[in-house]
Structures are given as structure tokens and as C-alpha cells.
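Inspection log for the structure reproduced underneath, given as C-alpha cells.
There are 2 protein chains.
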Amino acid sequence: MANAMLDSTATTVISAQRLIALMTAMERYGGTPNGGMHRLTLSAEDGQARDHLSAWMHEHGLSVRIDGIGNMFGILDWAGPDAPTVMTGSHLDSQPRGGRFDGAYGVLAACEAVTAVRARVATEGVVPRCNFVVVNWTNEEGARFQPSLLGSSVYTGQMTLADALGRRDGEGISVADALQAIGYAGNAPPPIPQAYVELHVECGAELERADQHFGAIVRHWGAVKYRLAFLGRQAHTGPTPMAQRQDALLGAAHLVCALRALADRAPGTLHTSVGRLEVRPNSPNVVPGEAVAFIELRSPDAAVLAWADAEFAACVRAAETAAKVTSEIRFVDRRPAGPFDAALVALAEQEAAGLGYPMRRLDTIAGHDAVPMALRCPSVVLVVPSVGGICHHPAEFTKPEDIILGGDILARVLWRLCRDGLPGGTA
Amino acid sequence: MANAMLDSTATTVISAQRLIALMTAMERYGGTPNGGMHRLTLSAEDGQARDHLSAWMHEHGLSVRIDGIGNMFGILDWAGPDAPTVMTGSHLDSQPRGGRFDGAYGVLAACEAVTAVRARVATEGVVPRCNFVVVNWTNEEGARFQPSLLGSSVYTGQMTLADALGRRDGEGISVADALQAIGYAGNAPPPIPQAYVELHVECGAELERADQHFGAIVRHWGAVKYRLAFLGRQAHTGPTPMAQRQDALLGAAHLVCALRALADRAPGTLHTSVGRLEVRPNSPNVVPGEAVAFIELRSPDAAVLAWADAEFAACVRAAETAAKVTSEIRFVDRRPAGPFDAALVALAEQEAAGLGYPMRRLDTIAGHDAVPMALRCPSVVLVVPSVGGICHHPAEFTKPEDIILGGDILARVLWRLCRDGLPGGTA
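Protein chains in written order, with the numbering used here: chain A, 1124 to 1550; chain B, 1124 to 1550.
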């Protein structure tokens, strides 16, 4: 790929050195010895990463705003109040012992891309036709606090601020207290963009299998997420007769098995999972009285998702019967499948093609902050390959040349929006 | 029962008021608003409870020794170095959000029973023929640190001190550090008894169903306990194709279901359980890479236990295949079934009958510190009813009249040993 990048007609507009340096610097905050990343949202490490980003924004003349849920906005208000605003970025938080590219790449590539556009505006003497905002969303991952996409969901009105601030982690600490602890409990009115462009690593292996280096996500899968508690009766695992046991963990175990079997009935169009299970009191010689399962059903097809949701209810009933327990749904989040903005996809495709890289059109199954954003303004997610499709794991890796390619295409897209204004379809 | 207790020929030898007051005082340390008890071993609450017991022992002229694993011994060395020693007590630690009778009753009734015996020795002017030790064993419950019966197992040589001190809780704190933190890292040589008598609540409903108020445990079930880790591959729950997932929690779920089905193949003679499950990273949108199950198989019949153990291995293989994961055994503890001392059982039966209460002979399925003790000296566990058989639950309750009856029979048994010496069969 270096050939195209170094071609005189398509010189890299970003500085590869600066982008790699930014990423290396950010890895200091939560990077693990095995090359992974442990930067839970609103942790001390996240606070340090945010401080680093904030310092960068100030140094580069962006005005920094923090809203009520701690989303960080670095604003370049150079085109005047009547010009549209283009937002770009992603999230700095990671999964527990996750990877260092997921999220951070999108934020730092946005920093470098905006810098590159500013340099080009100066060099070519054009009048910018849009303002820019670099964003770092709070709690994209949903690992420490649920649900995921917390910051962008509050921003887009999918969730109330009060609800989000009251969410608690496994130790009972609220989002509000965690924001306060790291100094990111803001109250600034957030900027409102007319377009949103997010760069991310693929978290899948489709690009790699196709031997391609760049893609745009044209559609996101729908998802139904449940937090479901099985309620049994805490008792001694020794003397309590088997026939009298009401084992909450047994109920959850039946459901875990049934949900896997359910996915196998709709191969390729239904993903199911139980990623988190909280067992109480979780003592080796106590029959569990409560087991809380965090469940996901995902599909690109609304009909399949509705069918799976109905089957899920039947699986829960069967698990209750098998373990002589009851259950209650404590939280449900339904996110319909939907498209991203066709005009922004087309623009990215032109820019990639100009560099000699055909763009692949992809679905995303993972949630991205662009999913709630798409409800508010034309949005798109651009992706580069993740080696082996590995994501949410310390071995997550994207090759430097792909990191640079993605950052460069992002900068070219932003440059086009800056020079030409927003495309008609997305005005 | 008050009739027999108040009968002039069988006056209560203990002070009911003093025993109830001791139990009420001890409930301050970890008692929960719903009448339960949360006093994890070596916690701050356990430290306070130990301090309270230690102060009581000092006030009552017992010399206090703390051994290397933090077991507390209150010694009444009044019969001389050639006389045998009778040990009595239980444990002050509780399950997480457990009950207030399990364990604490045995320690405090021992305190009061020894006090009552001393008063009677003074009144009747007899020469005591044995010394007494009141004991509080460290970590009977096995909730915070595994395995259970930690203090008594070190004491009896079933486990090395170094191994026990190195055990860590869910937060990585070692037993050694926890002992240090509450000031119970001792190094005194422990006293060695020639008989061990433990009073406990039943943790079962057999006495209640038979409308009886007192029992002795004549046999303990055997147990095999495993800590088994399923090892999969951490991945994103969204995009990772179902066919590629190696879900450690799915493996554990298959095993939980299979172990329950296994118990149903040997009704009444096999108890199986998974009480604790540790899922890593335990994030809602990450396929679990590791799931550690804490498994118990219990039976009174060695052949059934051996059969269950072989079937367990087959269940693990099947779970591995179903979830495409591997597994490894991280800990195993095998405790054979065995009898308690017949002469001590007979002595308790005589004393109960003298009060008008027929004694019921019971098995215990729960572990008790008397199980390892039985390997070292004649031992017995005496029990009074637990309402509804409830144990390891805040609703655990023993009626005051049964509390007093049990304490009184314990005092009468100790009195007989004191006056008459140890029975021939247990010398």
C-alpha cells in the first residue's frame, strides 16, 4: 500500500509520525505488559488519558467542552456560526484487559486528521466551509457501567442524563461519582453537528479475508440486550436435599445453553451471548440465590430479531422450570438495525479509490457511537482491518500501514467536507 | 421443653440469660438489619468478634493462645499437665449474608458451658479430671478463602500452614495479610485435646420433621471438591461468528446442568453443586475467556462418590466439546465419609434422656471442624433444630428454648467428662 500513499499525485495528507506518536503516548494510560489495554471508563487511567487529550486540544487551539455525561468535545469554530459542523472521534475507554486500538484510534486519528486539514487550508488558502469537533464519548464499552454507548445515548436523547448518572458499577460507584472523582463532571452545552464521521478498527475479519484495507459500514445490526435476574433460594450446598433446591445459577446455566442453541437455528443471521454473569452470594458451599445474566441478541434482520426475542422468552420459561426458580427482567435495551448515510459512504469510497484502495461495504454487529448518532445526523463509520478479526482482547492489532491509511482517508474526507461543504444528501 | 428444664431433678446447669446475652452481644459484629449475619473470616467484623471473645476469655481467667493460622484457644488448665484435655467450640465466621447461629452458637455455648461446669465444680467440691479448651476455628465457612475448614485442617495436619497462609480471596488478599490486618497472626503452639465436642445448629430439617429437639451426628458424608477452570477465547460478542466462539461460560453452563442431572441419578445419596462461578472478564459484550467453577460432590457412600467422580470427569469432557473450550483442575479436596465417636455419642444421649429429650442420630452432609478433628481424637457434633432447616441464609433461626437446651446438654456432657474423666472408649 505504501506505493499509492507515496505516489506524488496522492501524497499522504496526515503525518504518520505524529499519529503513531499520539497513539504511543496514549498507550501509557492503561496499557498492559502484553500489549493490551485496561482503561475502564472513568477510571484513574481514563482520567489520565482524558487529561492528555484535553492538553492536546488546548495546545492545538481547540476549545474544550465537557457535557453533563463527561463527553469531551474539542471545537474548531473557524467557519462561523452559520456554517455546518462536522464531528469526528470515537472513545478512549477500553474493555477490561482489552485492546489498544478499539476506540482510541478513532479519537487520535481525528486529532491528526483535523490538524492535517488545517495545514492544508493554510497551504491552499481556501475558506473553510464547516467547523470541526473532535469528540471522545464516555463509556462506549459498557464494561464498567451498563449500558454501552452511554455518552452518545445521552447526547442523542436515547437515555436521560439522570438515568445515566445514576448507573452503578460492580462496587456500587455511580457514574456521577466516578465523573467527579476524575474531574470530568461537566455541564457545558454540547456542540450539535450536521455530520458525524467515526474511524475505527474493524472488529471482524471480513476485510482481511478479502485482502482489502479499507471499508465503510453501511448498516448496523439490530440488538436486544437484557439484564435478567434468576431468583432462587440461598441454602447450604451440603444438607439441602436436591429436590428442595431452587438454584439461581442452574436457571442461568440452562438459559446460557439454550441461547447458544437458538443462535444455531439461524446461522449467520443471529448472534446470541451471555457475556456477564453475576452470582450471589457466590460462595462455594451456598446454593446461589440470585444469578444475573447480561444477554445480547443481535441480527441484521428485524424479523429474525423479533423471532429470537420471542424464543428467548420461551427459553427463560424453560430455565425457570428446570431450576425451580423465578426470573425478572431488570433492564432491556432495543436498538433497531439501520443504515448509515449513503452520501458520506460515497465520499469515503471516492477518497479511498483515489488512493488506489477499493472500499468494501460492511455491516457492523458491534455497537458504535455512530449508531445513536445516525438518529440525529448523517453518520458513517470507516474501518481498517484488525489482524485476525481479534477485538476486545489484548492481542487486538492493526498494522501501522493500515492505521496510517485509515487516518489519511479520514483526513481526505474531512478536507472534502471543509472545502466543498456538506454533500446535498446530508445537508 | 421448659417443663423438664425447670424440673427440680434436672435444673438447667447453664445460665440461659448469660448465654442469650453472649449471643446478642456477638451479633453486633456483622449482624444485618434483616436478622442475618455477614461476618466473613478475617474481615474487620471478624476481628471485632474475635476481640470480644478474647476479652471474655481473659475476664474469665482462660489463657488465650493464637496459633499460626489464627485459631483462638481459651485454655482452662486446672486439672494439671497429666489430665486429659477436652476441647469445645466452633467458628465465629459466617457466610456472606448468612445466618447468625451457624458457628457462633457453638463458640458461645462452649464459653457458657465451661463457666457452668466451673461453678458446679466449686459448688460440689469435686476435683476436675480434665482441662478445657474453648476454640474458635479460622475460616470454617470457606466463603472468603478456600477451602472451608481451613483452620482445623491446618491444626490437624490435613493442610500445611504455608499453603493455608498463601490462599487469596477474590481481591488478591492472602490469609497471611488478612490475619496481620486484624491482629490475629499468632505463633503459639496449640493445645492438643483428647476429646472434641462441638455444638451446632442442625442445618437441616430432620429434627424438626421428627418433632425432636436434640441430635448427635454419628457420621459425616464424604465430599470431593473441585475448582475447575474452563478456558476459551475472549472475543467481542457482536461480530465474532458463532461458529468461531470458544465460550468459557458456555462450558461451565453445560457442566452446571450436567451435574444437577447426575445428582438425580442417585437420589438421596448424591448431592452436587456449583456454588461459585468466576467469569472473566465478565463484561456484557465480551465472550468469556475463562470461567472457574467451584464444584462439590457429596455422598455418605464411598462407592457412590467414586462413581460420581468418574461421571464428573465425563461431564467435563462433554462440556468442553459442547463449548469448544478446554479445562483445567486448579484444586481438588477429597474428604472421605466417616463416623464420629460412639462413646461421646452415648454420653450425650444419656444426658439428653436425663432431661427428657430422646436424642436423634443424624448424618451430617455439611462440613464441620469436627470432621478433620475426628482424625486426631474422639469427636462428636451435637445439634439442635434450625427452623425449617434453613442455613447459610439470613432467615436461619433457632428458637431460644432450643438454644438453651443445646447449651445445657453440652454443659452436662462437659461436666460428666470433668467429674468422671474420659470414657474408656475415648481415652
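The beta-carbon is built from N, C-alpha and C at its ideal position, and this holds for glycine as well.
In DSSP terms, what residue i is bridged to
i	result
A/LEU1199	A/PHE1255
B/GLU1419	B/LYS1348, B/SER1396
A/PRO1462	A/ARG1342
B/ASP1456	B/LYS1348
A/ASP1486	A/ARG1342
A/SER1297	A/ARG1291
B/LEU1545	According to DSSP, B/LEU1545 bridges with nothing at all.
A/GLU1443	Per DSSP, none; premise fails for A/GLU1443.
B/THR1246	Bridge partners of B/THR1246: none, in fact.
Neighbourhood of residue i by C-beta, 6 angstroms cutoff - its chain only, sequence neighbours within 5 removed
i	result
B/GLY1327	GLY1512
B/GLY1355	GLN1369, ASP1370, ALA1371, GLY1412, VAL1448
B/ARG1542	VAL1249
B/ARG1188	PHE1196, ALA1311
B/GLY1309	ILE1189, ASP1190
B/GLY1293	none
B/LEU1540	VAL1209, CYS1253
A/ALA1442	GLY1374, HIS1377, LEU1378
B/MET1146	LEU1231
Beta-carbon proximity of residue i to residue j, cut-off 8 angstroms
i	j	result
A/ILE1532	A/ALA1471	yes
A/GLU1325	A/VAL1494	no
A/TYR1228	A/ILE1527	no
B/ALA1333	B/VAL1468	no
B/TYR1480	B/PHE1337	yes
A/PRO1207	A/LEU1545	yes
B/VAL1237	B/LEU1351	no
B/LEU1322	B/ARG1483	no
A/ALA1466	A/PRO1501	yes
A/SER1406	B/ARG1403	no
B/SER1271	B/GLU1264	yes
B/ALA1358	A/CYS1380	no
A/PRO1462	A/ARG1342	yes
A/LEU1485	A/GLU1434	no
A/ASP1071	A/ASN1262	Residue coverage of chain A in this structure runs from 1124 to 1550, which leaves residue 1071 of chain A outside it and unanswerable.
B/GLY1221	B/MET1149	no
A/MET1282	B/ASP1387	no
A/ASP1464	A/SER1213	no
Which listed residue (the options) has its alpha carbon closest to that of residue i
i	options	result
A/ARG1368	B/GLN1367, B/GLY1345, B/ARG1383, B/GLY1374	B/ARG1383
B/GLY1170	B/ALA1206, B/TRP1260, B/LEU1142	B/TRP1260
B/ALA1346	B/LEU1176, B/GLY1544, B/TRP1430, B/ALA1441	B/TRP1430
B/ASP1456	B/VAL1258, B/ASP1432, B/TYR1278, B/GLU1443	B/ASP1432
A/GLY1306	A/ILE1192, A/PRO1501, A/GLU1150	A/ILE1192
B/LEU1420	B/ASN1405, B/ASN1408, B/GLY1391	B/GLY1391
A/ALA1233	A/PRO1219, A/ALA1202, A/SER1138	A/SER1138
A/SER1166	A/GLY1184, A/ARG1267, A/HIS1181	A/ARG1267
A/GLN1317	A/ASN1194, A/MET1496, A/GLU1235, A/GLY1529	A/MET1496
B/VAL1256	B/GLU1168, B/SER1177, B/VAL1397	B/SER1177
A/ILE1418	B/LEU1272, B/VAL1397, B/THR1360	B/THR1360
A/GLY1184	A/ARG1241, A/MET1160, A/ALA1148, A/ILE1143	A/ARG1241
B/ALA1279	B/GLN1303, B/PRO1313, B/ALA1304	Note that residue 1279 of chain B is Thr in the sequence shown, not Ala. Among B/GLN1303, B/PRO1313, B/ALA1304, the Cα nearest to that of B/THR1279 is on B/PRO1313.
A/GLU1235	A/GLY1490, A/VAL1504, A/ALA1144	A/ALA1144
B/ALA1436	B/ALA1414, B/SER1450, B/ALA1425	B/SER1450
B/ASN1408	A/ALA1414, A/ASN1408, A/GLU1401, A/VAL1397	A/VAL1397
Close beta carbons around residue i, own chain, < 7 angstroms, minus the five adjacent residues each side
i	result
B/ARG1243	VAL1136, TRP1538
B/THR1363	VAL1410
B/ASP1130	With a pLDDT of 36 at B/ASP1130, under the threshold of 50, the modelled position of that residue is not reliable, and no figure is offered here.
A/VAL1536	VAL1320, LEU1470, ALA1471, GLU1474
B/ALA1202	PRO1251, ARG1252, CYS1253, ASN1254
B/ILE1488	TRP1344, HIS1394, ARG1421
A/ILE1452	TYR1349, LEU1351
B/LEU1284	GLY1191, ILE1192, VAL1277
A/GLN1140	none
Same chain only: Cβ atoms within 8 angstroms of residue i, ignoring 5 sequence neighbours per side
i	result
B/SER1297	LEU1288, GLY1289, ARG1290, ARG1291
A/ALA1445	LEU1373, GLY1374, HIS1377
B/GLY1158	ARG1223, PRO1517, ALA1518, PHE1520
B/ASP1200	SER1186, ASN1254
A/LYS1522	PRO1508, VAL1510
Sequence ranges, beta strand (DSSP E) only - wholly within the segment 1177-1231 of chain A, length at least 3 | 1186-1189, 1195-1199, 1208-1213
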